[in-house]
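Chains as they are written, first to last, in my numbering: chain A, 1 to 459; chain B, 1 to 225.
The beta-carbon is built from N, C-alpha and C at its ideal position, and this holds for glycine as well.
Here the structure is a predicted model, which is why all the values come from computation and not from measurement.
The next block holds one structure in the form of structure tokens; read it before the comments.
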């Protein structure tokens, strides 16, 4: 192990420019990944928070016509009728407001509302206790609110809380002072639980009756839309991340290949004096991983600094350990893929291939039978002949044949070989029967072996 | 009666240069243990190719080589590397020292591969450098050494793990007469005193003079031995 570390250090020292380039590339990629992922997660989180609150508080929404008021009394049918809610009996506007606790639905009461429940003082809000518990809303102090369309801000004092039946519940009840904030669309928001499902359906039916022209969106639909939006966002992000790491892999691969080409002579010497191919692999692995770790740490450092700068400018980015974790396996994967090619070449190459710049076959295979033109040799194949075909391109045989017609061959003997793909592949043609070369055609590359007859075998 | 240490069986190696050229064509050789062998022949006759096949630096297309009875064909690349590490010493024509290692570090390298403890490797490295007359230059980088000195470092490196066979490709080809005589004397001494087997490719008659066997090659074939 010691010697491997020493050799790896020597490699890094010799080709330090190339490894430094790979390290910088890795560092920049890592920091871009971390910043982007952290930022996207912030976006996703706030989106997710809104989504979950929609799920929590909104069972359906009604797009109201301009300045349309809720009727003085909505009379739901069925079980609903037995327990009319105070809110539904009021004349009011419903509207959506942003708050530090997400988007809240608000019922703004008209001055003359025939409202039966608790009333806030002008400029105050009342908080629904169920919702306050669910959202972590305070039940006293100030509550900053902003209109979601105009962005107009207002801070209201929480004047107290109220209880509503489980089937209903505007988040807040505001007094008329909010009139300038009103918009043309409003929300009427209900809570429900499983027991109240039927009531919900009744309420939906009632709203449909009262607002036949309105679009009613249930929270399930809204939630689906939100989920889809989040999924789309992350899906796009996922493709981008894949692309970034494909580029990283290719970049590092190029660097390591350069280093390999640069040090072929040295590697050949190391091999000639007995460095084992598996040790050579280790050498590349150690040098590569050292670069990967360096680049990774650089990336984490860079993104930390960048996140501080961005935070100072109001862009919230939170680097989380799980981002760093998910980054680390990506970097390792990119490097392992990138290291595999030069290390594989160095491993497979003979000393002479390295020393004299000969092509190094990265893949080798064995061929034992004809792949094309089988029907031309149906009869011979049926008699147990072995027929192989070497590639012939433009009338020139691509390969070497060790045998000529009449030569004896034994099982397992290599008959011929052909290099392919500019020397990257190497195909051996191997005898699978004992016999004699009966046919060799250089123009077509066909080599056929006739099996030994039984009398010959006995002989 | 000495025994055969190295043997080739129907050894073939061809190159494709438009047409197939057999650099080594069906060569059958026997090298006796402790003998001094010289391969001679005109340029392009396949001497160096044969030597690199013997050194396991390249794979033959067909045929086999046996070293102390061990077939090269049966060895995978890792095992072949171990064979090179422990049983073979190879001296290249152009030295092939690692440029950023000192003379001593170059000589110690094969011993480090063989996991010889550092102290022992250093002692042996210095001893070998002394033997080739370079004890004072042990901390010089190859670039600071002359061609003859580099060649002597390469020889010391080849001797490091006390290999059974030393293969040398034109070991005196790039050297002046004086240095050459020194190296010839060193080879003779190693051969006679330590019984090391030598196979050398050379044009140099002063090396052939001491050879137990002169192998002459032409067009990839052994024409006399």
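Open item on the list: For the segment 36-48 of chain B against the segment 205-222 of chain B, do three or more pairs of beta-carbon atoms, one drawn from each stretch, fall closer than 8 Å, so that the two count as touching?
Closed with: yes
Open item on the list: Counting C-beta neighbours from all protein chains within 10 Å, is the total for residue 136/A 16 or more, i.e. buried, or is it exposed?
Closed with: exposed
- [ ] Please state whether DSSP places residue 153/B in a helix, a strand or coil.
- [x] helix
- [ ] Let me know if residue 27/A comes out buried or exposed under the rule of 16 or more other beta-carbons within 10 Å of its beta-carbon.
- [x] buried
- [ ] Under 8 Å between beta-carbons, which chain A residues line up against residue 110/B? List them in chain order, please.
- [x] 273, 274
Task: Closer than 7 Å at the beta carbon, the chain B residues around residue 266/A - done: 98
Open item on the list: Starting from residue 204/B, trace the beta strand (DSSP E) in both directions and tell me its first and last residue.
Closed with: Taken as a continuous stretch (DSSP letters only), residue 204/B belongs to no beta strand (DSSP E), as it is neither H nor E.
Task: Residue from 392/A, 409/A, 278/A whose Cα sits closest to the Cα of residue 450/A - done: 409/A
TODO: Enumerate in chain order the residues of its own chain whose CB-to-CB distance from residue 109/B is below 8 Å, with the five nearest sequence positions on each side excluded.
DONE: 98, 101, 157, 160
Task: Cβ of residue 90/B within 8 Å of any chain A Cβ - done: yes
Open item on the list: Given the structure, does residue 65/B come close to the ligand SAH, in the sense that its CB is under 7 Å from one of the ligand's heavy atoms?
Closed with: In the structure on display, the ligand SAH does not appear, and there are no ligands present to speak of.
TODO: Please classify residue 314/A: is it buried, with 16 or more other beta-carbons within 10 angstroms of its beta-carbon, or exposed?
DONE: exposed
Task: Straight-line gap, residue 402/A to residue 393/A (C-alpha atoms, nearest Å) - done: 19 Å
TODO: To the nearest angstrom, report how far apart residue 4/A and residue 282/A are at their CA atoms.
DONE: 7 Å
Task: residue 400/A, buried or exposed, once every other Cβ within 10 Å from all chains shown has been counted against 16 - done: buried
Open item on the list: Only counting the same chain, and skipping five residues up and downstream in sequence, which positions put a Cβ closer than 7 Å to that of residue 12/B?
Closed with: 22, 24, 25, 26, 60, 61, 62, 63
TODO: Inspect the beta-carbon positions of residue 445/A and residue 389/A and report whether they are closer than 8 Å.
DONE: yes
Open item on the list: I want to verify the contact list: residues of chain B whose CB lies under 7 Å from the CB of residue 350/A, in sequence order.
Closed with: 57, 58, 59
Task: Nearest candidate by alpha-carbon position, reference residue 195/B, set 209/B, 214/B, 33/B - done: 33/B
Open item on the list: Restricting to Cα atoms, I'd like to know which of 381/A, 141/A, 258/A, 426/A is closest to residue 360/A.
Closed with: 426/A
- [ ] For residue 168/A, name the three-state secondary structure that DSSP assigns.
- [x] Unreliable placement is indicated for residue 168/A, whose pLDDT of 40 sits below 50; the coordinate value is still reported in the next sentence. Reduced to three states, the DSSP call for residue 168/A is coil.
Task: Where the beta strand (DSSP E) containing residue 326/A begins and where it ends - done: Unbroken run through residue 326/A is the alpha helix (DSSP H), 321-348; no beta strand (DSSP E).
Open item on the list: Once DSSP output is grouped into helix, strand and coil, what is the label at residue 16/A?
Closed with: helix
- [ ] Ignore the nearest five residues each way along the sequence and tell me which others in residue 2/B's own chain have a CB closer than 6 Å to its CB.
- [x] 32, 33, 34
TODO: Using three-state DSSP, classify residue 70/B as helix, strand or coil.
DONE: strand
Task: Proximal chain C residues relative to residue 157/B, where beta-carbon distance stays under 8 Å - done: This model lacks chain C altogether, as its protein chains are A and B.
Open item on the list: Buried or exposed, going by whether 16 or more other CB atoms sit within 10 Å of the CB of residue 277/A?
Closed with: buried
Open item on the list: Quick check on this structure: which residue in 163/B, 114/B, 147/B has the alpha carbon closest to the alpha carbon of residue 68/B?
Closed with: 163/B
Open item on the list: Just to confirm, is the Cβ distance from residue 38/A to residue 317/A under 8 Å?
Closed with: yes
TODO: Check residue 171/B in the structure and name its three-state DSSP category.
DONE: coil
Task: Same chain only: Cβ atoms within 7 Å of residue 30/B, ignoring 5 sequence neighbours per side - done: 4, 7
Task: First and last residue of the uninterrupted alpha helix (DSSP H) at residue 309/A - done: 277-312
Task: Chain-ordered neighbours of residue 10/A on chain B, where CB pairs are closer than 9 Å - done: 98, 100, 101
TODO: With 7 Å as the limit, tell me which residues of the segment 400-414 of chain A have their beta carbon closer than that to any beta carbon of chain B; keep them in chain order.
DONE: 400, 402, 414
- [ ] Report all residues from its chain with a CB closer than 6 Å to the CB of residue 354/A; omit the five preceding and five following residues, and keep chain order.
- [x] 264, 267, 268
TODO: Quick one: measure Cβ to Cβ for residue 271/A and residue 341/A, integer angstroms, because I've assumed they're closer than 8 Å.
DONE: 18 Å between Cβ atoms; not a contact.
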